[in-house]
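> Sharing a structure, written as structure tokens. Questions coming.
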Amino acid sequence: MVTSGFFGQYTEYVAGSGILIDNKGYIATNNHVVEDARSVYVELIDGRTLPADIVGTDTLTDLAVITIDTTDLPYAYWGNSSSLSLGEWVLAIGNALGEGITATEGIVSRLNVSVSVDGNILYGLIQTTAAINPGNSGGPLVNLSGEVIGITSVKIVASEVEGIGYAISSNEARPIIEDLIRNGRVTYPWLGVSVSTVTPLLAASEDLAVDRGALIAEVVAESPAEAAGLQSGDVIIRFADKEITNLANLIQAIRSSQIGQDVEIVFVRDEDTKTTSAQLIERPTS
Numbered sequence: 185m186v187t188s189g190f191f192g193q194y195t196e197y198v199a200g201s202g203i204l205i206d207n208k209g210y211i212a213t214n215n216h217v218v219e220d221a222r223s224v225y226v227e228l229i230d231g232r233t234l235p236a237d238i239v240g241t242d243t244l245t246d247l248a249v250i251t252i253d254t255t256d257l258p259y260a261y262w263g264n265s266s267s268l269s270l271g272e273w274v275l276a277i278g279n280a281l282g283e284g285i286t287a288t289e290g291i292v293s294r295l296n297v298s299v300s301v302d303g304n305i306l307y308g309l310i311q312t313t314a315a316i317n318p319g320n321s322g323g324p325l326v327n328l329s330g331e332v333i334g335i336t337s338v339k340i341v342a343s344e345v346e347g348i349g350y351a352i353s354s355n356e357a358r359p360i361i362e363d364l365i366r367n368g369r370v371t372y373p374w375l376g377v378s379v380s381t382v383t384p385l386l387a388a389s390e391d392l393a394v395d396r397g398a399l400i401a402e403v404v405a406e407s408p409a410e411a412a413g414l415q416s417g418d419v420i421i422r423f424a425d426k427e428i429t430n431l432a433n434l435i436q437a438i439r440s441s442q443i444g445q446d447v448e449i450v451f452v453r454d455e456d457t458k459t460t461s462a463q464l465i466e467r468p469t470s
């Protein structure tokens with residue numbers, strides 16, 4: 185329900201898309217499609233409209249799962265997004281502009297992209313030239329075999345920008361969706377630092393000894409990072425045997441670790457390269 189000084193209270197409807205992922209009625213979509221919704225309805229391709237329940241949502245990856253009370257529906261098959269190549273043809277399918285199912289063609293124009301959306305960074309995205317419009321969110325990006333290799337999420341809207349849309353890759357999305365179905369939520373390992381990407385310009389302005397890595401701006405009190413002796417001004421260059429050249433590398437390395445895991449961290453402090461270890465804990469909910 186939305187309150188307007190002119191119209192009074194009225195109901196605002198938002199259209200989105202989703203992907204039937206099994207024969208039990210589970211549907212994958214975007215978190216921003218169902219976020220704050222009082223009720224959710226699913227219109228099937230055969231014209232039926234069914235109420236849906238929200239199984240779980242995850243704001244960090246902009247993913248959600250809903251369910252409808254029906255079975256034996258045709259469902260989509262996951263593809264392997266790591267096998268994608270630049271220039272490969274793909275189709276974006278969804279409820280564009282709320283006008284019903286449409287399909288637009290394009291190519292994969294970039295891989296493993298990071299994009300900031302409302303202060304949250306989405307990682308491992310597929311950039312595509314396939315037209316993505318309001319209502320496409322949560323729909324599938326499929327390869328020419330009909331396999332889901334991405335979930336359309338965001339696009340850049342600007343007068344000078346054309347043909348840049350993004351999809352969450354299937355390999356990033358699938359384990360999150362499975363966690364939402366099992367647990368209704370997703371838990372993440374947590375180090376407890378605020379960091380920024382080291383660039384040659386930043387390295388020069390801050391007089392850093394390295395021009396790549398993740399610069400620690402803040403260490404959270406009583407966090408694994410504090411227990412490991414990390415400090416503001418340190419530059420992380422390796423994390424759990426993964427080279428760290430930027431913020432996205434570090435976030436992905438942390439998320440691919442396990443809660444309770446002891447990880448080795450290599451960092452640069454002043455002119456010295458040092459090694460420490462941290463035991464990751466579950467990311468706080470607030």
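Under the numbering used here, read the sequence shown as residues 185 to 470, first letter to last.
All C-beta atoms in this analysis are idealised placements derived from N, C-alpha and C, irrespective of residue type, glycine included.
These numbers were taken from a predicted model, which means no experiment stands behind them.
Starting from Ile435 and walking both ways along the alpha helix (DSSP H), at which residues does that stretch end?
Taken as a continuous stretch (DSSP letters only), the alpha helix (DSSP H) holding Ile435 covers Leu431 to Arg439.
> Rounded to a whole number of angstroms, what is the C-alpha to C-alpha distance between Leu234 and Ile250?
Straight-line Cα distance between these residues: approximately 12 Å.
> On the three-state DSSP scale, how would you describe Pro235?
In this structure, Pro235 counts as strand in the three-state DSSP scheme.
> In angstroms with no decimal places, state the Cα-to-Cα distance between Ile335 and Ile361.
Roughly 11 Å between the two C-alpha positions.
> What do you reckon, are the CB atoms on Leu375 and Ala409 nearer than 7 Å?
Contact: yes.
> Rounded C-beta distance between Ala248 and Asn320? I'm assuming under 8 Å.
About 15 Å; that fails the 8 Å criterion.
> Can you grab the Cα-Cα spacing for the pair Ala342 / Val301, in whole Å?
In this prediction, Ala342 has a pLDDT of 41, which is less than 50 and means its spatial position is unreliable; what the coordinates show is noted afterwards. Cα to Cα, the separation comes out at about 15 Å.
> Rounded to the nearest angstrom, how far is the Cβ of Ile443 from that of Ser461, given a contact under 8 Å?
Incorrect: roughly 15 Å between the Cβ atoms, too far for contact.
> Would you kindly work out how many angstroms separate the C-alpha atoms of Ser266 and Ser329, rounded to a whole number?
Straight-line Cα distance between these residues: approximately 15 Å.
> If I measure Cβ to Cβ from Asp256 and keep anything under 7 Å in the same chain, skipping five residues before and after, which residues do I get?
Hits under 7 Å: Asn207.
> Between the alpha carbons of Val403 and Asp391, how many angstroms are there, rounded?
Val403 and Asp391: Cα-Cα distance of roughly 20 Å.
> Count the other C-beta atoms from every protein chain shown that fall within 10 angstroms of the C-beta of Ile428, then say buried if there are 16 or more, exposed otherwise.
Buried, by the Cβ-count rule.
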